[in-house]
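Reading through the structure tokens given below for one structure.
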Amino acid sequence: MIHDLQATQIVDTLFMESCQREGESVSTSIRQLDMASYWRTETGTDCWVIGLVFIQQKEDGFVSVQRRELQHGNMFVLKTSPSNGKVKFDSNFVQMTASLGDESHMYLRSRDRRLHYSGQTKVFIVRNAGHSAGFD
Numbered sequence: 008m009i010h011d012l013q014a015t016q017i018v019d020t021l022f023m024e025s026c027q028r029e030g031e032s033v034s035t036s037i038r039q040l041d042m043a044s045y046w047r048t049e050t051g052t053d054c055w056v057i058g059l060v061f062i063q064q065k066e067d068g069f070v071s072v073q074r075r076e077l078q079h080g081n082m083f084v085l086k087t088s089p090s091n092g093k094v095k096f097d098s099n100f101v102q103m104t105a106s107l108g109d110e111s112h113m114y115l116r117s118r119d120r121r122l123h124y125s126g127q128t129k130v131f132i133v134r135n136a137g138h139s140a141g142f143d
């Protein structure tokens with residue numbers, strides 16, 4: 008099914024459609040929520056564990072989401088901060104950083120392939136196996 012992602016209520020629409028589907032997804036969601044745990048540390052950090060996902064949110068809004076893959080032990084980490092406008096994603100296959108403000112950029116790397124955009128210079132660079140091309 009195709010959806011207009013610019014629609015005003017796309018999240019509500021997708022949620023309602025998923026709730027109407029029969030099958031294991033609703034019971035799986037209920038089971039995951041029942042097994043979820045929450046606590047707050049002495050420093051005021053909110054922590055959740057939902058299945059294999061560990062989530063932390065600090066008082067300043069910084070969020071860290073970590074998920075360990077059972078089969079190979081790989082770790083997926085997403086960190087984002089509204090106070091400094093930065094986001095970072097790291098896995099064994101792809102690394103990504105992006106930021107707003109004075110150091111605005113986007114950087115994406117997968118093995119020997121890289122994409123980099125600088126918000127300061129407005130230059131976009133593509134690199135693959137030691138070769139590079141730039142666009143402005």
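All you need for our numbering is the position in the sequence shown, starting with 1, plus 7. Heads up, the beta-carbon is just placed ideally off N, CA and C, and yes, glycines get one too.
Check whether residue i and residue j have beta carbons under 8 Å apart
{"i": "V72", "j": "V56", "result": "no"}
{"i": "S25", "j": "S32", "result": "yes"}
{"i": "Q64", "j": "D53", "result": "yes"}
{"i": "D109", "j": "A136", "result": "no"}
{"i": "G150", "j": "S90", "result": "This structure gives no information on residue 150, because the portion of the chain shown stretches from 8 to 143."}
{"i": "G92", "j": "L107", "result": "yes"}
Cross-strand partners of residue i (DSSP beta bridge)
{"i": "R134", "result": "R121 and S139"}
{"i": "D41", "result": "Note: D41 sits in no beta bridge, so no partner."}
{"i": "I17", "result": "DSSP lists no partner for I17."}
{"i": "T104", "result": "K95 and Y114"}
{"i": "V60", "result": "I57 and R74"}
{"i": "T87", "result": "V70 and V94"}
{"i": "R47", "result": "D53"}
{"i": "M23", "result": "BP columns for M23 are empty, so no partner."}
Own chain partners of residue i with C-beta closer than 8 Å, once the 5 adjacent residues on each side are dropped
{"i": "G80", "result": "none"}
{"i": "T48", "result": "C54"}
{"i": "S98", "result": "N81, M82, F83 and V84"}
Residues near residue i in its chain [Cβ-Cβ closer than 6 Å; skip 5 each side]
{"i": "V94", "result": "T87 and A105"}
{"i": "R116", "result": "Q102"}
{"i": "M113", "result": "A105 and Y124"}
{"i": "I62", "result": "W55 and V72"}
{"i": "S44", "result": "V56"}
Chain-order list of residues whose beta-carbon lies under 7 Å from that of residue i (same chain, five-residue window excluded)
{"i": "E66", "result": "G51"}
{"i": "V140", "result": "The sequence given here has Ala at residue 140, not Val. Once the five neighbours on either side are set aside, the close Cβ partners of A140 are V133."}
{"i": "W46", "result": "C54"}
{"i": "D41", "result": "none"}
{"i": "F100", "result": "S117"}
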